[in-house]
Structure formats: C-alpha cells, structure tokens
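J.: In case it helps, the numbering used here puts the sequence shown at residues 135 to 483.
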Amino acid sequence: MKEQISKIKESAIQEIETANDLTQLNDVRVKYLGKKGELTALLRGMKDLSAEERPIIGSLVNDVKEELENLIQKNEEELKKAEINKKLEEEKIDITLPSTKIRRGSKHPVNRIIEELEDLFVSMGYDVCSGPELETDEYCFERLNLPKGHPARDMQDSFYITDEYLLRTQTSAVQARTMVANKEKTPIREITAGKTYRREDDATHSHQFGQIEGLVIDYKENHVSLADLKGTLEVLVRTIIDKNSNLRFRPSYFPFTEPSYEVDVSCFKCGGKGCNLCKQTGWIEVLGCGMVHPNVLKMNGYDPEKFGGFAFGTGLDRLAMFKYGIPDMRYLYANDVRFLKQFDRKDVD
Ligand code: DAH
Numbered sequence: 135m136k137e138q139i140s141k142i143k144e145s146a147i148q149e150i151e152t153a154n155d156l157t158q159l160n161d162v163r164v165k166y167l168g169k170k171g172e173l174t175a176l177l178r179g180m181k182d183l184s185a186e187e188r189p190i191i192g193s194l195v196n197d198v199k200e201e202l203e204n205l206i207q208k209n210e211e212e213l214k215k216a217e218i219n220k221k222l223e224e225e226k227i228d229i230t231l232p233s234t235k236i237r238r239g240s241k242h243p244v245n246r247i248i249e250e251l252e253d254l255f256v257s258m259g260y261d262v263c264s265g266p267e268l269e270t271d272e273y274c275f276e277r278l279n280l281p282k283g284h285p286a287r288d289m290q291d292s293f294y295i296t297d298e299y300l301l302r303t304q305t306s307a308v309q310a311r312t313m314v315a316n317k318e319k320t321p322i323r324e325i326t327a328g329k330t331y332r333r334e335d336d337a338t339h340s341h342q343f344g345q346i347e348g349l350v351i352d353y354k355e356n357h358v359s360l361a362d363l364k365g366t367l368e369v370l371v372r373t374i375i376d377k378n379s380n381l382r383f384r385p386s387y388f389p390f391t392e393p394s395y396e397v398d399v400s401c402f403k404c405g406g407k408g409c410n411l412c413k414q415t416g417w418i419e420v421l422g423c424g425m426v427h428p429n430v431l432k433m434n435g436y437d438p439e440k441f442g443g444f445a446f447g448t449g450l451d452r453l454a455m456f457k458y459g460i461p462d463m464r465y466l467y468a469n470d471v472r473f474l475k476q477f478d479r480k481d482v483d
C-alpha cells in the first residue's frame, strides 16, 4: 500500500512539474485529487484495512494530498504569471510611433468676437437677447421710427419675403422687441448679436453679415446720458480692438436716435498718423449710436417723459476684420479651412 502511495505521489509530482499551462495542470488535479481521482480512490479503499494500518495509511495519504495541493497551487501561480507576461509581450504598444492626428475645429472669428462682446457686456450688467432673422416690417422699421415710405429705408436694401415679412436688415429690430416685451416694467440693459441681410455684395459688403446692438433705457431721474454712451463705447472699442484707441463722435442721422452719431476709432494700424487703411485720415468709422428717440420709446411702450436711454449698433464682420487684420470680408463666409485654421492658436487664451 505504502509503495502504491509513493508511486502515485511520484508520478503526480512529475505530471505537475511538466504541465505547460493551466488546463493541463487542472487535468492533473482531477486525475489525482478529483472525486474519481487516484488518491481519492485510495482513501475510499481504507475501509478494507486493519484497524492498526488505517490511521498510518490515512495520515500518509493526507500528507501526500496536502503536498500535491500545495505544489499545484504554486505551479498554478507561476503559470498564471507566465500567461500574463506572454500576453504583455504579444500586445506590446509602441508608444513612440506617431499618432493619427485628430482634426480639431476652431471657433470662427466672428463667433469669437460675439462671445467676447457678450462676456464684456454681461460683466457690465447687460442681458443677452435675441430676435428672429425672418422679421416683420413692423419691428424692423415701423417701430423704429421708419414708417412705410420713409426715405431712410432706402439705405437698407432689403430681401422681402412677403409685403410684411423680410430678412432683418438690422439687429435694431431686437430693441423694439425688448421694449414691447418689458413695457415700462423694468429698465433695460440688453445686448444682442446675430445675422442680418441686405441686397448688396462686393469686397466690403456681403448679402449676409453680422451685427451687434446695445440698448439701455432707465428712469429719467437716473440720467442715462451721452457721457454714459461714450464711456460704454470706449470700453467696447478698447477691449475688442486696441486698449490705446481713441474715439471721435461725429453728428449723424438715424431715425431711431436723437441726437445720433457715427463713431470713429483712431487707426490701430498707424496710430492716427495716416495710412492706407484709414485712407490717410487717421480715423476708421466703426459704430452708429445715439440717444433713443422719444417716438421709439412711445411706440414701444415706454413714456418718454419718464424714461430715456441710449443705443448703439455695429457690424461684427468689420470688428473681426480689424481685430484679426483680415483684408477681405468674403474670407469670413468662404468656409476655407486654410483661413479658419489660422485662428486655432487664438483659442488658447
Ligand atoms: N442699425 C443701424 C445700421 O444698421 C446701426 C445703428 C445705429 C444701431 C445707431 C443703433 C443706433 O442702435 O443707435 O446701420
């Protein structure tokens, strides 16, 4: 019996040692230690032994069993490690290889200007408002003191869809919408930016362009004045274009403001000395503005005896062209990635 046990032990050890992988090792375990295994069979046969022999053989079999189990466990760990190492070896990644480039988009220069302006005005307590691009004649013109047949309508060649609907020619329409929506309930401080449309198309005009517009209305006793308008526009220009810019107000005419002004900025290319950009004048025209006309206040629900304020508007494309030195407005709409890519670096502020 003892001899049989040591034979089993010997061949079991040999098979454990030579098992090449986990499946083989498991087969060995089943063969010797499983329910129908050789060693298990020996334990079952113990009942035929004499009372003296039984404990001796019993403990011998158990010792062998334990020894084999330990050995199997040890080899199992080693085989597992070897398997992981083999996998790591096979699945090696060469991190020095160049990666496939991810093409990253960048913000359009006009959108960058819009975001910058919105941030600036929100920091001064303005709300950001919006209005429809398909606008009514009423909001685009009539409520801004431009009744049907008014000669100043000629300055804005329009795309009419029907007699009443047109593609808005100016974001000023949003001024009327904001006033009508609030009707003296609150003072107003709003900024709005978006697309506008006119029937014109050359190197400096496009049939679609962007505008930004601001409106401030407050109680008369708060004295919103031309000085506030000047200060606000100075902040706008110095933040967006050049911190050393100077502003010049020239009297002008807009139906929705009285008095009205065109605002020129000292030429940021020559510093005001005169160059080809400013046509040797030292100044560049950038904005229209003025104090809100009493008729506009009245028509849109604000009593001009109680309320007053200012408004301003300008082209976003021109601002973008100045800021980034873009020579032709049509680049802004051509969707040429070679042009758009140049603003990548500017996204990392
Ligand atoms: N809407 C005018 C335009 O398109 C620009 C403008 C001028 C807007 C004066 C204003 C303003 O709000 O007060 O030419």
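All C-beta atoms in this analysis are idealised placements derived from N, C-alpha and C, irrespective of residue type, glycine included.
Is it true that the stretch 325-340 meets the stretch 304-313, where meeting means three or more beta-carbon pairs spaced less than 8 Å apart?
T.: Output reads yes: the stretch 304-313 touches the stretch 325-340.
J.: Can you tell me whether DSSP reads valine 482 as helix, strand or coil?
T.: Working through the sequence shown from its first residue, we reach residue 482 at position 348. Caution is warranted here: a pLDDT of 48 is assigned to valine 482, below 50, making its placement in the model unreliable, and the coordinate value is therefore given only provisionally. Note: valine 482 maps to coil in three-state DSSP.
J.: Throw me the rounded Cβ distance for the glutamate 419 and glutamate 396 pair, which I believe falls under 8 Å.
T.: By 1-based counting over the sequence shown, the position of residue 419 is 285. By 1-based counting over the sequence shown, the position of residue 396 is 262. Yes, glutamate 419 and glutamate 396 are in contact; Cβ-Cβ is about 6 Å, under 8 Å.
J.: Any idea if arginine 238 is buried or exposed, counting beta-carbon neighbours within 10 angstroms, 16 or more meaning buried?
T.: Looking up residue 238 in the sequence shown gives position 104. By the 10 Å Cβ count, arginine 238 comes out exposed.
J.: Verify the contact flag: cysteine 263, CB atom, against every heavy atom of ligand 1, threshold strictly below 7 Å.
T.: Along the sequence shown, one-based indexing puts residue 263 at 129. Because no heavy atom of ligand 1 lies under 7 Å away, the Cβ of cysteine 263 does not count as near it: no.
J.: For phenylalanine 293, which residues from the same chain have a beta carbon less than 7 Å from its beta carbon, with the 5 sequence-adjacent residues on both sides left out?
T.: Counting from one through the sequence shown, the residue named residue 293 turns up at place 159. Leu300, Leu301, Tyr331 and Arg333, listed in sequence order.
J.: Could you please give me the residues that DSSP links to leucine 349 through a beta bridge?
T.: The residue given as residue 349 occupies position 215 in the sequence shown. Answer is Glu324 and Ala445, bridged to leucine 349.
J.: Go through its chain and collect everything with a Cβ distance to asparagine 209's Cβ below 8 Å, but skip five positions before and after it.
T.: By 1-based counting over the sequence shown, the position of residue 209 is 75. Once the five neighbours on either side are set aside, the close Cβ partners of asparagine 209 are Ile150, Glu151, Ala153 and Leu159.
J.: Would you tell me roughly how many angstroms separate the C-alpha atoms of isoleucine 139 and valine 195, rounded to the nearest one?
T.: Against the sequence shown, residue 139 aligns to sequence position 5. Against the sequence shown, residue 195 aligns to sequence position 61. The alpha-carbon atoms of isoleucine 139 and valine 195 are separated by roughly 7 Å.
J.: Looking at the secondary structure, which residues open and close the beta strand (DSSP E) in which leucine 301 lies?
T.: For the purposes of this step, residue 301 is taken as residue 167 along the sequence shown, with counting starting at 1. Where leucine 301 is concerned, the enclosing beta strand (DSSP E) stretches over 299-301.
J.: What are the partner residues of valine 399, as DSSP defines its beta bridges?
T.: By 1-based counting over the sequence shown, the position of residue 399 is 265. According to DSSP, which records beta bridges pairwise, valine 399 is partnered with Leu381 and Ile418.
J.: Given that a residue counts as buried once 16 or more other Cβ atoms are within 10 Å of its Cβ, and exposed if not, what is valine 489?
T.: Since the first residue of the chain shown is 135 and the last is 483, residue 489 is not available in this structure.
J.: Just jot down, in chain order, the residues whose CB lies closer than 5 Å to any heavy atom of ligand 1.
T.: This selection yields Gln304, Ser306, Phe388, Thr391, Gly422, Cys423, Gly424, Ala445 and Gly447.
J.: Would the stretch 279-292 count as touching the stretch 241-258 if we require 3 or more Cβ pairs under 8 Å?
T.: No: the two stretches stay apart, fewer than three of their Cβ pairs being nearer than 8 Å.
J.: Out of Thr234, Phe383, Leu222 and Ile218, state which residue places its alpha-carbon closest to the alpha-carbon of valine 399.
T.: Within the sequence shown, the letter at position 265 stands for residue 399. The candidate whose alpha carbon is nearest that of valine 399 is Phe383.
J.: Quick check on DSSP: helix, strand or coil for glutamine 476?
T.: Within the sequence shown, the letter at position 342 stands for residue 476. Here glutamine 476 sits in helix by DSSP.
J.: For the stretch 441-448 against the stretch 346-354, are there 3 or more C-beta pairs whose distance is under 8 Å?
T.: Touching, per the Cβ criterion.
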